[in-house]
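Structure first, commentary second.
In the numbering used here, the protein residues as written are 1183 to 1717.
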């Protein structure tokens, strides 16, 4: 569990070859302890105190001491009051024992330590240029005599993105517990750019006594080609709704509730594959990162439901010329809204429709969700928010200045007028087939929610472009305006072939399959046409 009061090790960096490197750069490796070689508090290294990942609170540590605890070679930069601090063992041997201090500790040769307090300890390396990097490290307990352990989080604070940050990794241990490594897909090939900071947040368990923590952190520049096209987004971009056998095996797993599968459900016939083919891109030239169920937070953080999925924006770089996505539907809560709107005798008493009525979950979720798109969607565990316009602008800032970000809205689900039977359920323990329906009032309301949501998307595109123009950027966000044109004549319960699935139920399961209310194979083609028109 991550607590409010934190100690932070922050390293913000890039590694352009033309930039003067610190002591260990001869082997193209950077470590925080390098800063103590000169004992300065100037760029690229800064030792400071502050609060969490809020860079506006960071204040430089100004008091330098050496021979701490009566031990030669033990250096520190600290607050004038003594803590928080960042310490360094400049000796060629392990320093162990208490010296003149109150409790024993063990610090490796040339090892860095931080000490969590009510104020946070920060080590910062600000990026002077653009360079992909990989990070490895080990967080361990330096004082096992007491305390209650620590938790840590690693994040990238992108330059120019306000309070937004992208989580890379997390871990922790109890007092004296097993050391916690910094490893994984999310800390490999990070697209660091000028002004970015990479932040390791070490938090106390509420009692900072004896929480001296060893931090071994190595940052290495890497050479990666980058992707010309990155397909980000939610289920309406992953290919959700396509036949089950088209989902890539590493993006699905059994789902006992529905009798089908769950996961990111990236499909081999999803519309981004058509866009990649139209651009004549090989599999190594584009990245399919969209994930069913994704919310705005999953653009910035490791996906909570699918931990192998790193923050989607981490796939972007200056070599990226095209980004496409849909996002916002899950922030509005559309899956929960639909669950409240489909009437059937299994879940409701007869006449139990009316999700469009104020006070019902469907109605209240929809209204609150639409407000989030403009007021701010949560993008971090600590409650940081970004509007839809912010998300669009954040994406554009991370790709080629001559690139393009195409955002698509969502199709109207139902034909206009009347109720709609969206599926059939099989009664548990029997063979009775029970119709699943949405009544006329709820059909009208749900269609209206989508219309209003798409207007918000259009407004967010305009707002994002205004922001980018004020910043002097030529890149623009482009709306895929043809989605409605492609889908409106093919909604559920219309006269023409339906481009969307209704409620998909497997056998006697009463929980709808994840493919429910998503574009089928015809709908994937329709989305591809709409996005192609915006290329």
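Just so it is clear, CB atoms sit at the ideal spot from N, CA and C, and this is done for glycine as well.
query: Close Cβ partners of residue 1679 (< 7 Å) along its chain, the five nearest in sequence each way excluded; result: 1672 and 1704
query: Backbone secondary structure at residue 1469 - three-state DSSP; result: strand
query: First through last residue of the alpha helix (DSSP H) which encompasses residue 1355; result: Taken as a continuous stretch (DSSP letters only), residue 1355 belongs to no alpha helix (DSSP H), being part of the beta strand (DSSP E) at 1348-1355.
query: 6 Å CB neighbourhood of residue 1491 in its chain, flanking five on each side removed; result: 1473 and 1485
query: Candidates 1587, 1559, 1523 and 1356, of which the one nearest residue 1595 by Cα; result: 1523
query: Nearest-angstrom beta carbon gap, residue 1558 and residue 1569 [assumed within contact, 8 Å]; result: 5 Å
query: Same chain, Cβ closer than 6 Å to residue 1394, five either side skipped, listed in chain order; result: 1287, 1295, 1297, 1324 and 1325
query: Close Cβ partners of residue 1518 (< 6 Å) along its chain, the five nearest in sequence each way excluded; result: 1547
query: Range of the contiguous alpha helix (DSSP H) that encloses residue 1323; result: Here residue 1323 belongs to no alpha helix (DSSP H); instead the beta strand (DSSP E) covers 1313-1323.
query: contact_flag[the stretch 1332-1344, the stretch 1463-1479] where n(CB pairs < 8 Å) is 3 or more; result: no
query: Enclosing alpha helix (DSSP H) for residue 1650 [first to last residue]; result: 1622-1652
query: Nearest residue (CA-CA) to residue 1646, options 1329, 1660 and 1634; result: 1660
query: Any beta strand (DSSP E) of 3 or more consecutive residues that is wholly inside the stretch 1425-1488; result: 1435-1437, 1442-1444 and 1468-1470
query: With 16 other Cβ atoms within 10 Å as the buried cut-off, status of residue 1328; result: exposed
query: Per-residue burial, residue 1422 [other beta carbons within 10 Å of its own, 16 or more giving buried]; result: buried
query: Identity of the residue in 1411, 1479, 1280 and 1237 nearest residue 1379 by Cα; result: 1237
query: Pairwise C-alpha distance: residue 1272 and residue 1302; result: 23 Å
query: Per DSSP, the bridge partner or partners of residue 1616; result: 1607
query: Residue 1685 - DSSP class collapsed to helix/strand/coil; result: coil
query: Complete beta strand (DSSP E) runs within the stretch 1225-1253 (minimum length 3 residues, chain order); result: 1227-1233, 1236-1242 and 1245-1248
query: Three-way DSSP call (helix, strand, coil) for residue 1495 in this model; result: helix
query: Three-way DSSP call (helix, strand, coil) for residue 1195 in this model; result: Confidence is the limiting factor: at residue 1195 the pLDDT is only 32, short of 50, which leaves the residue's position unreliable, though a coordinate-based value still follows. Residue 1195 falls in the coil class under three-state DSSP.
query: Coil, strand or helix - residue 1573 by DSSP; result: helix
query: Own chain residues within Cβ distance below 6 Å of residue 1543, not counting five before or after; result: 1522
query: Short Cβ contact (8 Å threshold) for residue 1593 with residue 1603; result: no
query: Contacting residues, own chain, Cβ-Cβ under 6 Å from residue 1408 (five flanking each side not counted); result: 1499 and 1501
query: Residue 1419, buried or exposed, once every other Cβ within 10 Å from all chains shown has been counted against 16; result: buried
query: Residue 1338 to residue 1512 span [Cα, whole Å]; result: 24 Å
query: The ligand ATP heavy atom lying under 7 Å from the CB of residue 1427; result: Absence of the ligand ATP is noted for the structure shown, with no ligands found whatsoever.
query: Separation of residue 1397 from residue 1365, as counted between CA atoms; result: 14 Å
query: First through last residue of the beta strand (DSSP E) which encompasses residue 1302; result: 1302-1307
query: Whole-Å CB distance - residue 1585 paired with residue 1503, under 8 Å assumed; result: 4 Å
query: Three-state secondary structure assigned by DSSP to residue 1560; result: strand
query: Residue 1495 beta carbon less than 8 Å from that of residue 1482; result: yes
query: Same chain only: Cβ atoms within 6 Å of residue 1260, ignoring 5 sequence neighbours per side; result: 1243, 1245 and 1267
query: Rounded separation between residue 1689 and residue 1427 - CA only; result: 18 Å
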